[in-house]
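**Student:**
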Amino acid sequence: MIAKTKRKVNMYRTSIRTLLISAACMLAITVAVTGAFGQNAPAGGRAEAAFKDIKVLQGTSADQLIPTMQFFEGSLGVTCNYCHLPDRVANTPIKETARQMISMVKAINRDNFKGAKTVTCNTCHRGAVEPAANPTLATANYKPWTPDSPNGAPDLPPIPGPPASQLIDNYMKALGGDAGLAKLQSRVVKYTATNSIGNTANMEMVSKGDNSLSITHADGGDVIVGHTGNTAWQRAANGAVREAREDEFDTLRLQDPLYLARNLKSISNLETRRVRLDNQEVYQLRGTAFGRVPVRLFFHPKSGNLLRVVFLLPNVIGQNVVRIDYSDFRNVQGTPFPFSWIIARPLGYQTVKVDSVGRHAVRKADR
């Protein structure tokens, strides 16, 4: 029976693979500015009230379910259809195994780490469906272990950086201070986003302060994401509107360098380090955004420009990592503005190239 069910699962996977890939291409491009919008999950409430067939994740916030599924995808290197049939409620042996694994991981952390998310799917899987049980073979670069080998040795203590207030002040000076930010208070940024497999989309962001509209121009119609600094929403190409999940809203704000500049002082638990990035020493500012999201900001030691942002979005099992690298800084009305950036996630990345930055007075980001 299990073999027959597995054959059925594989048949469904093969038949819908092309459809899923084509749909995922446009979704991945949209993610470049919308922070994983596109999976139509309601915000708020409990998972079992918003979704069907919830068993081991009962009691979980509905906002956390999709990010948790994304964490499974990144940890195993798969997509939704690895576990799910077109009938999402239908049980499969793989879904049952996944439930057992979730229960196992939660028990390990409960019994050994006081409930902290120390052990996750990624601890063993590392992007593969089958965890590697055996050590890897030696390569030509192999060297025998010695007492001073770095293998197994504790990490070196971090090298402290300048005071956090100094890094923030330097960044604000690089942007021209409040006057420089005011020049870009109202702006229209037009750009092209390209995903990991080469699909592109024309996009634009219309902003005024913390209010913004991100528009993806697609063949089937525009996908629009708006946020006001306090809330966010998405309008699909078919006109359907939904509220943003918490992780989506956090991403929208953290991937906007000008939003970060205006709100840097709201990041708590600040500490600084000197680290290496692309063969140069840079300053790293570590802290917590919105009271829940660990974030790391990397600044150029001379120009003060923001080069990289890394943040960790919490879910039921672990944390989803997002990294944004900014480059090609150009002078826009006296303020350095990145004309290129890359947004990397475990299952892909998007490269963004800015075509133009202009001024525009916009209304509040309503629907």
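Taking numbering that gives the first Met the number 0, the leading residue of the sequence shown gets 0, the next gets one more, and so forth. By construction, the Cβ of each residue, glycine as well, lies at the ideal position given by its N, Cα and C atoms.
Look at the alpha carbon of L263 and the alpha carbon of N140, and state the distance between them as a whole number of angstroms.
**Tutor:** In the sequence shown, the residue the question calls residue 263 occupies position 264. In the sequence shown, the residue the question calls residue 140 occupies position 141. Straight-line Cα distance between these residues: approximately 44 Å.
**Student:** In chain order, what residues of the same chain have a beta carbon less than 6 Å from the beta carbon of A35, not counting five sequence neighbours either side?
**Tutor:** The residue given as residue 35 occupies position 36 in the sequence shown. Note that A35 scores a pLDDT of 41, beneath 50, so its modelled location is shaky; the value from the coordinates is reported in the next line. The residues are E247.
**Student:** Which residues in the same chain have their Cβ closer than 7 Å to the Cβ of R358, if we skip the five residues on either side of it in sequence?
**Tutor:** Residue 358 sits at position 359 when you count from the first residue of the sequence shown. Once the five neighbours on either side are set aside, the close Cβ partners of R358 are S185, R186.
**Student:** Here's the rule: buried if 16 or more other CB atoms are within 10 angstroms of the residue's CB, otherwise exposed. What is W340?
**Tutor:** Position 341 of the sequence shown, counted from the start, is the residue given in the question as residue 340. So W340 ends up on the buried side.
**Student:** What's the C-alpha gap between P130 and C123?
**Tutor:** Taking the sequence shown and counting its residues from 1, the one referred to as residue 130 is at position 131. Taking the sequence shown and counting its residues from 1, the one referred to as residue 123 is at position 124. When rounded, the distance between both Cα atoms is 5 Å.
**Student:** Going by alpha carbons, who is nearest to Q332 out of A178, G219, E95, T67?
**Tutor:** The residue you call residue 332 lines up with position 333 of the sequence shown. Checking every option, the nearest Cα to that of Q332 belongs to A178.
**Student:** Run through DSSP, which three-state label would R322 get?
**Tutor:** Mapped onto the sequence shown, residue 322 falls at position 323. Residue state, collapsed to three classes: strand.
**Student:** Check this for me: beta carbons of S211 and L251, under 9 Å apart or not?
**Tutor:** Walking along the sequence shown from the start, residue 211 turns up at place 212. Walking along the sequence shown from the start, residue 251 turns up at place 252. Yes. Within cutoff.
**Student:** Tell whether a beta-carbon distance below 9 Å holds between N111 and G317.
**Tutor:** Mapped onto the sequence shown, residue 111 falls at position 112. Mapped onto the sequence shown, residue 317 falls at position 318. Result no, Cβ atoms of N111 and G317 do not sit closer than 9 Å.
**Student:** Compute the Euclidean distance between the alpha carbons of D277 and D324, then round it to the nearest angstrom.
**Tutor:** What you label residue 277 is simply residue 278 of the sequence shown in a count that begins at 1. What you label residue 324 is simply residue 325 of the sequence shown in a count that begins at 1. C-alpha separation (whole angstroms): 11 Å.
**Student:** Work out the CA separation of V315 and Q69 for me, nearest whole Å.
**Tutor:** By one-based count along the sequence shown, residue 69 stands at place 70. By one-based count along the sequence shown, residue 315 stands at place 316. Rounded to the nearest angstrom, the two C-alpha atoms are 11 Å apart.
**Student:** Which runs of the beta strand (DSSP E) spanning at least 3 residues fall entirely within the segment 113-190, listed in chain order?
**Tutor:** Those beta strand (DSSP E) runs which fall completely within the segment 113-190 and span 3+ residues do not exist here.
**Student:** Out of P157, R322, L305, which has the shortest C-alpha to C-alpha gap to K172?
**Tutor:** Along the sequence shown, read from residue 1 onward, the residue named residue 172 stands at position 173. It is L305.
**Student:** Run through the segment 47-124 for me and flag every whole alpha helix (DSSP H) of 4 or more residues, listed as ranges in chain order.
**Tutor:** With a minimum length of 4 residues, the continuous alpha helix (DSSP H) runs that stay inside the segment 47-124 are 61-75, 92-111, 120-124.
**Student:** Just to confirm, does D249 get its C-beta within under 8 Å of one of the non-hydrogen atoms of the ligand MN?
**Tutor:** This structure lacks the ligand MN, and indeed carries no ligand of any kind.
**Student:** Grab me the residues of R98's own chain with a C-beta within less than 7 Å of its C-beta, minus the 5 sequence neighbours each way, in chain order.
**Tutor:** Within the sequence shown, the letter at position 99 stands for residue 98. Result list for R98: K54, V55, in chain order.
**Student:** Cα separation between K352 and D327?
**Tutor:** One-based indexing of the sequence shown puts residue 352 at position 353. One-based indexing of the sequence shown puts residue 327 at position 328. Distance between the alpha carbons of K352 and D327: 9 Å.
**Student:** Give me, in chain order, the residues of the same chain whose beta-carbon lies closer than 7 Å to that of V356; leave out the 5 immediate sequence neighbours on both sides.
**Tutor:** The residue labelled residue 356 in the question sits at position 357 within the sequence shown. Excluding positions up to five away in sequence, the list reads R186, V188, V331, F336.
**Student:** Name the DSSP bridge partner or partners of F328?
**Tutor:** The sequence position of residue 328 within the sequence shown is 329, counting from 1. Per DSSP, P337.
**Student:** Tell me which residues share the same chain as I107 and place their Cβ nearer than 6 Å to its Cβ, disregarding the 5 neighbours each side in the sequence.
**Tutor:** Locating residue 107 in the sequence shown gives position 108, where the first residue counts as 1. Cβ within range, chain order: V118.
**Student:** Where does I65 land, buried or exposed, given buried means 16+ other C-beta within 10 angstroms?
**Tutor:** Position 66 of the sequence shown, counted from the start, is the residue given in the question as residue 65. The residue is buried, with at least 16 neighbouring Cβ atoms inside 10 Å.
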